[in-house]
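Encoded as structure tokens, the structure appears first; notes follow it.
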Ligand code: CS2
């Protein structure tokens, strides 16, 4: 029989050793609106906010899912409470209380706007993934994107994160409210700058030049680098939480012990330093190192590892040949594009990948390759080419992605990617190289890169 459901009234029943919210939850105020409350948000930013609530009441969160009602259905009966499992040699369990409200935007648009125009709300954060920014490869807002096209004709019922944020800011301005701070938490280089540009271009495309000028002048978009390995929730985690905490949680989350948030300085969010965030004048170097080394290596392990039949990161790392390849790529190719001594950082990442307590599936990382690879591998590749260095190793994850996509299409297995429709019809290397949505023209036309990808592709199993 499963134990009783996790609710505020039942926190007393939690087994000793479970960490509980260390503040009066009813005295907190919703000061944060978060878009995209997936596992990563709940394991990362919501944990930082939970820390902040010990001393500041205005860090409680309204979590907005754009479409999927799943999280609201899971957490509403728990009044937003859920368990975070930290996985190291010994697992530890903590009930997170920072999410006070979960909304599904399509079901409750008025409630989302009410939060966005609340005088108490001062911070907006996002984990909407790379594709949620709706950008062209050149970094402009993709006005042909179906959600953006929709939002430009009906801005009062937005579908995209960009549409929600812009309309929310427009209503704040109309109400004479204080501006917001916006902290994007997605794995894109210059995420603050990119988001700002997308919102300004959206306002301009609406014909709202005054709004664009107000947003440009008043709203603090700050880049952030986020890091913590967060495997998806499965039934094993639910069962373990029920056993260890003694309460049933419909949607617990898990992560490794390591957690890092680097936030560009100069906004009211600087106070997050109190919870352990790093506040830095320039986040670009942190973002670049993390995206290229950790995420670049992750995607390499995902595609090359799945072609070899592995299912998890730690399994792929136990393959000596693959682990040595990834390490060489990090040390001899990627590190050369960074302005820092990356030796210890690389060693730390490889150790995290080997964490036996973390079961991180390669298929989870393989999602959305067309969106991830440009930031993770292609920027590094372009810099290596410009510096006249070889790109043979850097071509391997790209060729492995192509082989992986082809294999999935052949076997009729779903490809999770916004370009899935197009990708599943591609046959052969040249068809992939023509993908303007993924490969910038100058790169695709570079004979050295083409030759390297061709060699790597030829060496990989079909
Ligand atoms: C992973 C990331 O799923 C993926 O693509 O590479 O989610 C990774 O685990 C995080 O960025 C770590 O901070």
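In our numbering, the protein residues as written are 2 to 463. Glycine is no exception: its CB is placed at the ideal position from the N, C-alpha and C atoms.
Check residue i in the structure and name its three-state DSSP category.
i: residue 108; result: coil
i: residue 121; result: coil
i: residue 64; result: strand
i: residue 440; result: coil
i: residue 338; result: helix
i: residue 142; result: strand
i: residue 97; result: strand
i: residue 390; result: coil
i: residue 44; result: helix
i: residue 463; result: coil
i: residue 136; result: strand
i: residue 490; result: Within the shown structure, residues of the chain are numbered from 2 to 463, placing residue 490 beyond reach of any answer.
i: residue 6; result: strand
i: residue 315; result: helix
i: residue 154; result: helix
i: residue 130; result: coil
i: residue 20; result: strand
Would you kindly check if the distance between the Cβ of residue j and the Cβ of residue i is under 8 Å?
i: residue 100; j: residue 62; result: yes
i: residue 130; j: residue 232; result: no
i: residue 468; j: residue 71; result: This structure does not reach residue 468, given that the chain is present from 2 up to 463, and the question cannot be answered.
i: residue 404; j: residue 346; result: no
i: residue 167; j: residue 203; result: yes
i: residue 97; j: residue 47; result: yes
i: residue 400; j: residue 334; result: no
i: residue 325; j: residue 336; result: no
i: residue 162; j: residue 133; result: yes
i: residue 461; j: residue 302; result: no
i: residue 293; j: residue 338; result: yes
i: residue 14; j: residue 247; result: yes
i: residue 180; j: residue 220; result: yes
i: residue 356; j: residue 300; result: no
i: residue 75; j: residue 255; result: no
i: residue 369; j: residue 435; result: no
i: residue 410; j: residue 425; result: yes
i: residue 143; j: residue 153; result: no
i: residue 364; j: residue 439; result: no
Which residue comes first and which comes last in the beta strand (DSSP E) that contains residue i?
i: residue 87; result: 83-88
i: residue 35; result: 31-36
Locate the alpha helix (DSSP H) running through residue i, then write down its first and last residues.
i: residue 422; result: 421-424
i: residue 71; result: 71-76
i: residue 172; result: 162-175
i: residue 348; result: 344-354
i: residue 327; result: 321-329
i: residue 432; result: 430-434
Between residue i and chain D, is the shortest Cβ-Cβ distance under 8 Å, so that the two count as touching?
i: residue 458; result: Here chain D cannot be found, since the structure has a single protein chain.
(message) Counting beta carbon pairs with one atom in the segment 121-131 and one in the segment 177-190, are three or more of them shorter than 8 Å?
(response) With a cut-off of 8 Å, the segment 121-131 and the segment 177-190 count as touching, because enough Cβ pairs lie within range.
(message) Going residue by residue through the segment 179-266, where are the continuous beta strand (DSSP E) segments of at least 3 residues, counting only ones entirely within it?
(response) Complete beta strand (DSSP E) runs here, min 3: 182-185, 225-228, 254-257 and 261-265.
(request) Within the segment 277-310, note down every full beta strand (DSSP E) run reaching 3 residues or more, in order along the chain. (result) As far as the segment 277-310 is concerned, its whole beta strand (DSSP E) runs of at least 3 residues are 279-281.
(request) Quick one: which unbroken alpha helix (DSSP H) runs of 4-plus residues sit fully inside the segment 359-386? Chain order, please. (result) Runs found: 363-367 and 370-374.
(request) Would you be able to state if there are at least three C-beta pairs under 8 Å between the segment 49-56 and the segment 21-33? (result) A contact exists between the segment 21-33 and the segment 49-56.
(message) Measuring CB atoms only, is the segment 235-247 touching the segment 188-197, in the sense that at least three cross pairs come out at less than 8 Å?
(response) Not touching, per the Cβ criterion.
(request) Report yes or no: do the segment 239-259 and the segment 79-95 share at least 3 C-beta pairs separated by less than 8 Å? (result) The segment 239-259 is in contact with the segment 79-95.
(request) Would you check if the segment 261-273 and the segment 366-377 touch, i.e. whether three or more CB-CB distances between them fall below 8 Å? (result) Note that the segment 366-377 does not touch the segment 261-273; fewer than 3 beta-carbon pairs, one per stretch, sit closer than 8 Å.
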